[in-house]
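Engineer:
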Amino acid sequence: GIQVEQSPPDLILQEGANSTLRCNFSDSVNNLQWFHQNPWGQLINLFYIPSGTKQNGRLSATTVATERYSLLYISSSQTTDSGVYFCAVGSEKLVFGKGTKLTVNP
Amino acid sequence: GAVVSQHPSWVICKSGTSVKIECRSLDFQATTMFWYRQFPKQSLMLMATSNEGSKATYEQGVEKDKFLINHASLTLSTLTVTSAHPEDSSFYICSARAWVTANYGYTFGSGTRLTVV
Numbered sequence: 001g002i003q004v005e006q007s008p009p010d011l012i013l014q015e016g017a018n019s020t021l022r023c024n025f026s027d028s029v030n031n032l033q034w035f036h037q038n039p040w041g042q043l044i045n046l047f048y049i050p051s052g053t054k055q056n057g058r059l060s061a062t063t064v065a066t067e068r069y070s071l072l073y074i075s076s077s078q079t080t081d082s083g084v085y086f087c088a089v090g091s092e093k094l095v096f097g098k099g100t101k102l103t104v105n106p
Numbered sequence: 001g002a003v004v005s006q007h008p009s010w011v012i013c014k015s016g017t018s019v020k021i022e023c024r025s026l027d028f029q030a031t032t033m034f035w036y037r038q039f040p041k042q043s044l045m046l047m048a049t050s051n052e053g054s055k056a057t058y059e060q061g062v063e064k065d066k067f068l069i070n071h072a073s074l075t076l077s078t079l080t081v082t083s084a085h086p087e088d089s090s091f092y093i094c095s096a097r098a099w100v101t102a103n104y105g106y107t108f109g110s111g112t113r114l115t116v117v
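Dropping the structure here:
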């Protein structure tokens with residue numbers, strides 16, 4: 001099956017810093033999503049981005065499908081950005097990476 | 001749009017009893033829904049694909065007799081954990097895709113935290 005690798009596994013930032021999270025995947029897919037899981041477990045859909053670039057406020061994402069990777073950019077990070085960020089890819093069903101745990105300190 | 005509602009949010013049950021978790025698509029029809037399980041500090045693992053009007057498809061290693069899935073309508077899928085044991089304690093979450101909002105991807109319910117005592 002498809003393999004999804006996320007890096008880094010852990011990231012600690014000071015408030016205001018920028019960061020880049022990476023997602024590599026092993027096969028061609030027609031669906032890629034980035035999620036933020038909040039402390040209560042809810043998955044917040046950040047981007048549906050099987051290809052191209054999207055931006056939403058301080059967050060943006062880029063997927064280069066031909067090279068099988070996606071990047072999530074967080075600018076001017078805030079403490080509320082803390083949590084686990086998951087990349088999920090697939091065609092008919094989603095396979096999740098192991099996530100990046102982000103901690104933003106005040 | 002594209003809201004998935006999951007109920008209950010949390011449940012505590014005694015070992016040996018069964019627990020039913022509901023997943024509803026509120027504003028769209030979902031012929032296919034997905035059930036995931038997440039252990040603490042781990043990723044989400046797909047358990048099964050729920051197909052409206054037919055049998056669910058289970059991932060390798062998932063016991064179909066323990067995790068009963070029923071998808072009787074286009075808006076409701078249920079997961080029943082039968083004869084629950086403490087090792088079944090986990091976070092269960094469902095998802096579906098609203099094809100009318102194809103640019104949105106898959107939507108997830110808020111999850112159910114199951115504790116078996």
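Taken in sequence, the protein lines are chains A and B.
Just so it is clear: in the first sequence, position 51 is 51 by the numbering used here, and no numbers are missing.
Just so it is clear: in the second sequence, position 56 is 56 by the numbering used here, and no numbers are missing.
Note that the Cβ used here is the ideal one computed from N, Cα and C, for glycine as well.
#1: With contact counted as at least three CB pairs below 8 Å, one residue from each stretch, are the region 9-27 of chain A and the region 67-76 of chain A in contact?
#2: Quick one: give me the first and last residue of the beta strand (DSSP E) that His-85(B) is part of.
#3: Tell me the DSSP secondary structure of Asp-81(A) in three-state form.
#4: Hey, does Leu-74(B) have any beta-carbon neighbour from chain A nearer than 7 Å?
#5: Pairing CB atoms from the region 46-55 of chain A with CB atoms from the region 18-35 of chain A, are three or more of them under 8 Å?
#6: With distances taken Cα to Cα, identify the nearest neighbour of Ser-118(B) among Ser-89(B), Thr-115(B), Glu-22(B) and Gly-61(B).
#7: Taking DSSP's pairing of strands, which residues face Phe-91(B) in a bridge?
#8: In this structure, how does DSSP classify Thr-103(A) when only helix, strand and coil are distinguished?
#9: With the cut-off set at 7 Å, would you say Ile-69(B) and Ala-98(B) are in Cβ contact?
#10: For the beta strand (DSSP E) containing Ile-2(A), list its first residue and its last residue.
#11: Does any residue of chain B have a CB that is nearer than 7 Å to the CB of Lys-93(A)?
#12: If we count Cβ pairs, one from each stretch, closer than 8 Å, do we get three or more for the region 8-24 of chain B versus the region 52-65 of chain A?
#13: On the criterion of 16 or more Cβ atoms from any shown chain inside 10 Å, does Gln-42(B) qualify as buried, or is it exposed?
#14: Who are the near neighbours of Val-89(A) in its chain, counting only those whose CB is closer than 7 Å to its CB and skipping five residues on each side?
#15: Alpha carbon to alpha carbon, how far is Leu-102(A) from Val-84(A)? Give it in angstroms, no decimals.
#16: So, Ala-56(B) versus Phe-28(B), is the Cβ gap smaller than 7 Å?
#17: Starting from Gly-105(B), find everything on chain A with Cβ-Cβ shorter than 9 Å and list it in chain order.
#18: Does Phe-39(B) have its Cβ less than 7 Å from a Cβ in chain A?
#19: Kindly indicate if chain A contains any beta-carbon less than 7 Å away from that of Gly-61(B).
Structural biologist: Based on what the coordinates show:
#1: yes
#2: First-last for His-85(B): undefined, no H or E at that position.
#3: helix
#4: no
#5: yes
#6: Nothing can be reported for residue 118(B): it is not among the residues displayed for chain B, which extend from 1 to 117.
#7: Gln-38(B) and Arg-113(B)
#8: strand
#9: no
#10: No beta strand (DSSP E) contains Ile-2(A), which DSSP labels as neither H nor E.
#11: yes
#12: no
#13: exposed
#14: Ile-2, Val-4, Phe-25, Val-29, Asn-31, Leu-32 and Val-95
#15: 6 Å
#16: no
#17: Asn-31, Leu-32, Gln-33, Asn-45, Phe-47, Tyr-48, Ile-49, Pro-50, Ala-88 and Leu-94
#18: no
#19: no
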